[in-house]
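Student: Residue 201 is where the sequence shown starts when you use this note's numbering, and the numbers rise one by one after that. Attaching a single structure in C-alpha cells format; questions to follow.
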Amino acid sequence: MGRYVARRLLQMIPVFIGTTLLIFLMVYALPGDPVRGLFGDKGGSPQVIAALRHEYGLDQPIMVQYWHYMKNMILHADFGTQIASGRPVTDVLGDAFPVTIRLASLAFLIELVVGIALGIVAGMRAGRLTDNVALLISLLLISVPVFVLGFILKVVFAFELNWLPPNVNDSTNYNELLMPAVVLASASLAYVTRLTRTSVAENLRADYIRTAIAKGLPKRRVVGVHLMRNSLIPVITYLGTDIGALMGGAVVTEGLFNIQGIGGTIYQSITRREGTTLVGLVTILVLVYLLANLLVDLLYAVLDPRIRYA
C-alpha cells in the first residue's frame with residue numbers, strides 16, 4: 201500500500217504541472233489588461249502603466265511568468281499579489297476558502313446521507329412505488345436549474361414560511377448555510393441516489409447475495425456487509441470527484457445567497473481579469489481534485505477486500 205501511495209503521489213506531479221500550465225495559459229489569454237483596468241475610463245499615463253506591469257511581472261513572456269509563479273508557490277507558498285487591492289493572494293484565499301469549505305462540506309454531507317439513503321431504499325424496492333417516487337424526485341432535481349431551485353426555496357422557506365434567512369450574513373452559522381447547501385447539493389444528490397439505486401438493485405441479483413441468504417445469514421449482515429460494500433464502489437468514485445466540483449461550482453449558489461466565498465472571488469477575478477488570483481484559486485481546486493481521487497482509490501481496498509495494491 202505504501203508503494204502504491206508513493207507511486208500515485210509521483211504521478212500527480214506531471215498532472216499538477218500540466219493542469220496548472222493549461223489554466224495559466226487560458227487565464228492569461230483573456231482579453232483586457234488588469235493594470236489598465238485600475239484606472240477605469242480615465243486611463244493612466246503610459247509610464248505609470250508600464251511601471252505597474254513591470255512590478256507585477258506582466259511584461260515578461262508567459263512561460264517566464266509561469267516559472268516564477270510555480271517557483272514562488274512551491275518554495276514559499278506565495279501565490280502572488282492581487283493587482284486591484286494590493287493584497288497577497290494567500291490572504292484572499294484565506295478569506296474565501298473557509299467560507300466555501302463550510303458550505304461545500306454541509307452540501308457533501310447532505311448528498312452523502314440523503315442520496316445514499318434514498319438510493320438504498322429505492323434499490324431494495326426496485327419497481328415498486330417507493331422506487332418510482334425516488335426516481336421522480338431525482339429527475340426533478342437534475343432537471344431544475346440551480347438558480348431556479350434556489351429562488352423557489354428562498355420564496356417558500358424564507359419569505360413565506362420564514363423558517364430560514366434568505367441570505368447568509370454569518371458564514372459560520374450553519375443554520376444560515378443550510379438552504380444554500382441544499383441548493384448546491386441538489387443535482388449531486390440526485391446522481392448519488394440513482395447510482396446507489398442502480399448498484400443496489402443489480403447486486404441484489406448477484407450470486408454472492410443468494411449464497412449469503414442461503415447460508416442463513418441475518419438480513420442486516422447481508423445488506424450491511426455484503427451488499428453495501430460492493431454497491432458503494434461506483435458511488436464513492438462519483439463522490440470523490442464531486443468534492444472539488446462542489447467547491448468550484450458554488451459560483452451561482454454563493455451569488456444567489458450573498459455568500460462571500462470562492463464563487464464570488466472567482467467571478468470578481470474574471471471580471472477584473474485578476475489572473476494571479478484566479479490561477480491561485482484554481483490551483484487549490486486542482487489539488488483538492490487530485491487528493492480526493494487518491495482517497496477514493498484507497499477506499500476501494502477498504503470496501504472490496506479483493507482489491508489489493510502492490
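Just so it is clear, CB atoms sit at the ideal spot from N, CA and C, and this is done for glycine as well. Here the structure is a predicted model, which means the values were calculated and not measured.
Return the residue from the list Ala277, Asp370, Met379 and Gly286 that minimises the CA-CA distance to Phe357.
Tutor: In the sequence shown, counting from the first residue as 1, residue 357 sits at position 157. With distances taken between Cα atoms, Phe357 lies closest to Met379.
Student: Which whole-angstrom value is the C-beta distance of Phe279 and Leu446, which I expect to be below 8 Å?
Tutor: For this step, residue 279 is matched to residue 79 along the sequence shown. For this step, residue 446 is matched to residue 246 along the sequence shown. Between Leu446 and Phe279 the Cβ distance is about 22 Å, and since that is not below 8 Å, they are no contact.
Student: Can you give me the start and stop residues for the alpha helix (DSSP H) that Tyr438 sits inside?
Tutor: Taking the sequence shown and counting its residues from 1, one reaches residue 438 at position 238. Ile433 to Gly448 is the span of the alpha helix (DSSP H), which, as asked, contains Tyr438.
Student: Considering only their Cβ atoms, is the gap separating Gly461 from Glu454 smaller than 8 Å?
Tutor: Translated into positions along the sequence shown, residue 454 becomes position 254. Translated into positions along the sequence shown, residue 461 becomes position 261. The answer is yes: Cβ separation under 8 Å.
Student: Report the option in Thr290, Thr398, Leu417 and Gly440 whose CA atom is closest to the CA atom of Gly430.
Tutor: Counted from its first residue, the sequence shown places residue 430 at position 230. Checking the displayed sequence, the identity of residue 430 turns out to be Asn instead of Gly. When only C-alpha atoms are compared, the closest one is Thr398.
Student: With a cut-off of 8 Å on the beta carbons, I'd call Gly319 and Thr441 a contact; round off their distance for me.
Tutor: Start at 1 with the first residue of the sequence shown, and residue 319 comes out as number 119. Start at 1 with the first residue of the sequence shown, and residue 441 comes out as number 241. Gly319 to Thr441, Cβ: 17 Å. No contact.
Student: What separation, rounded to the nearest whole angstrom, lies between the Cα atoms of Ala390 and Ser338?
Tutor: For the purposes of this step, residue 390 is taken as residue 190 along the sequence shown, with counting starting at 1. For the purposes of this step, residue 338 is taken as residue 138 along the sequence shown, with counting starting at 1. Ala390 and Ser338: Cα-Cα distance of roughly 4 Å.
Student: Compare the beta carbon distance of Gly315 and Val392 with 8 Å and say whether it is the shorter of the two.
Tutor: By 1-based counting over the sequence shown, the position of residue 315 is 115. By 1-based counting over the sequence shown, the position of residue 392 is 192. Yes, they are a contact pair.
Student: Count the C-beta pairs between the region 219 to 230 and the region 479 to 494 that are closer than 8 Å, then say yes if the count reaches three, no if not.
Tutor: The region 219 to 230 is in contact with the region 479 to 494.
Student: Between Pro434 and Asn403, what straight-line distance do the alpha-carbon atoms span, to the nearest angstrom?
Tutor: As a first step, residue 434 must be located in the sequence shown, where it is residue number 234. As a first step, residue 403 must be located in the sequence shown, where it is residue number 203. Straight-line Cα distance between these residues: approximately 12 Å.
Student: Measure the Cβ-Cβ separation of Leu364 and Ile459 and say whether it is below 8 Å.
Tutor: The count along the sequence shown starts at 1 and reaches residue 364 at position 164. The count along the sequence shown starts at 1 and reaches residue 459 at position 259. No, the Cβ-Cβ distance between Leu364 and Ile459 is not below 8 Å.
Student: Going by Cα to Cα distance, which pick from Arg410, Gly416 and Phe347 is closest to Val383?
Tutor: The sequence position of residue 383 within the sequence shown is 183, counting from 1. Answer by Cα proximity: Phe347.
Student: Taking the alpha-carbon of Glu474 as reference, which of Asn362, Asp497, Pro288 and Lys419 has the nearest alpha-carbon?
Tutor: Translated into positions along the sequence shown, residue 474 becomes position 274. Residue Pro288 is the option with its Cα nearest to Glu474.
Student: Would you grab the beta carbon distance between Leu293 and Gly480 for me? Rounded to a whole angstrom, and I think it's under 8 Å.
Tutor: Sequence index remark: in the sequence shown, residue 293 carries index 93 (1-based). Sequence index remark: in the sequence shown, residue 480 carries index 280 (1-based). Yes, Leu293 and Gly480 are in contact; Cβ-Cβ is about 6 Å, under 8 Å.
Student: So, Asn369 versus Glu360, is the Cβ gap smaller than 8 Å?
Tutor: As a first step, residue 369 must be located in the sequence shown, where it is residue number 169. As a first step, residue 360 must be located in the sequence shown, where it is residue number 160. No, they are not a contact pair.
Student: Using only the alpha-carbon positions, how far apart do Leu498 and Ile249 sit?
Tutor: Position 298 of the sequence shown, counted from the start, is the residue given in the question as residue 498. Position 49 of the sequence shown, counted from the start, is the residue given in the question as residue 249. Straight-line Cα distance between these residues: approximately 51 Å.
Student: Consult DSSP for Pro366 and reduce its assignment to one of helix, strand or coil.
Tutor: The residue you call residue 366 lines up with position 166 of the sequence shown. Here Pro366 sits in coil by DSSP.
Student: So, for Arg208: in the same chain, excluding its five sequence neighbours on each side, which residues have a beta-carbon less than 6 Å away from its beta-carbon?
Tutor: Taking the first residue of the sequence shown as position 1, residue 208 is located at position 8. Excluding residues within five positions, the ones whose Cβ falls inside 6 Å are Leu494.
Student: When the Cα of Met428 is compared with those of Ile409, Pro345 and Gly416, which residue comes out closest?
Tutor: Numbered from 1 along the sequence shown, position 228 holds the residue referred to as residue 428. It is Ile409 whose Cα lies nearest to the Cα of Met428.
Student: Just the Cα atoms here: how many angstroms apart are Ala387 and Val313?
Tutor: Working through the sequence shown from its first residue, we reach residue 387 at position 187. Working through the sequence shown from its first residue, we reach residue 313 at position 113. Cα to Cα, the separation comes out at about 14 Å.
Student: Could you work out which residue in Leu335, Gly327 and Gly464 is closest to Val451 when comparing CA atoms only?
Tutor: Taking the first residue of the sequence shown as 1, we reach residue 451 at position 251. It is Gly464 whose Cα lies nearest to the Cα of Val451.
Student: Let me know the secondary structure DSSP gives Thr281 once reduced to three states.
Tutor: Taking the first residue of the sequence shown as 1, we reach residue 281 at position 81. Thr281 falls in the strand class under three-state DSSP.
Student: Please return the same chain residues whose Cβ sits closer than 7 Å to the Cβ of Tyr438, not counting the five positions on each side in sequence.
Tutor: Counting from one through the sequence shown, the residue named residue 438 turns up at place 238. Same-chain partners within the cutoff: Tyr391, Val392 and Leu395.
Student: Any idea which residues DSSP pairs Pro288 with across the strands?
Tutor: For the purposes of this step, residue 288 is taken as the residue at position 88 of the sequence shown. DSSP lists Thr281 as partners of Pro288.
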